[in-house]
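What follows is a set of notes on a single structure, which appears directly below.
In our numbering, the protein residues as written are 1 to 136.
Written out as structure tokens, the structure is:
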């Protein structure tokens, strides 16, 4: 019954994020816009008809997974906690409390730190003239 609650919460959050998917896409593309030279004039383009819908679905799915993850971890802990001894519960409770925090911390660090460096690297590599490196 508890995992049905997680699934219903996931669907509710999914529809909410689908409604505001353009705002979430702007937030996620901030590191890319910081790297581009004329970031005031740049914008995302879609070349196919279903790309906007599919992009909004993907953004909504991943954002709703990030939002639902702590509840999923809590429900998992509540599921396995009756089978644990008191010492095991005392050991695993801080771990299960830290898992969502570390998950969000890792996600934000990757988005705003490592992602910007990887985007800088790939934009730098795309400027090379590859013919100079090959001996034809």
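Note that the Cβ used here is the ideal one computed from N, Cα and C, for glycine as well.
Nothing here was measured: the structure is a model prediction, and the numbers come from that model.
- Under the three-state reduction of DSSP output, residue 85 falls in the coil class, being neither helix nor strand.
- Contact between the segment 70 to 80 and the segment 95 to 102 is present, with at least three C-beta pairs closer than 8 Å.
- Taken through DSSP and simplified to helix, strand or coil, residue 67 comes out as helix.
- Using a 10 angstroms sphere on the CB of residue 59, the tally of other CB atoms reaches 16 or more, which defines it as buried.
- Contact check for residue 66 against residue 107 passes: the beta carbons are separated by less than 8 Å.
- Apart from sequence neighbours up to five positions away, the residues of its chain that approach residue 63 with a beta-carbon distance below 7 Å are 17, 24, ordered along the chain.
- In the structure shown, residue 35 falls within a helical segment according to DSSP collapsed to helix, strand and coil.
- Taking C-beta atoms under 8 Å as the contact rule, residue 31 and residue 102 fail to qualify, at a distance of about 21 Å.
- Judged by DSSP in its simplified three-state form, residue 45 adopts coil rather than helix or strand.
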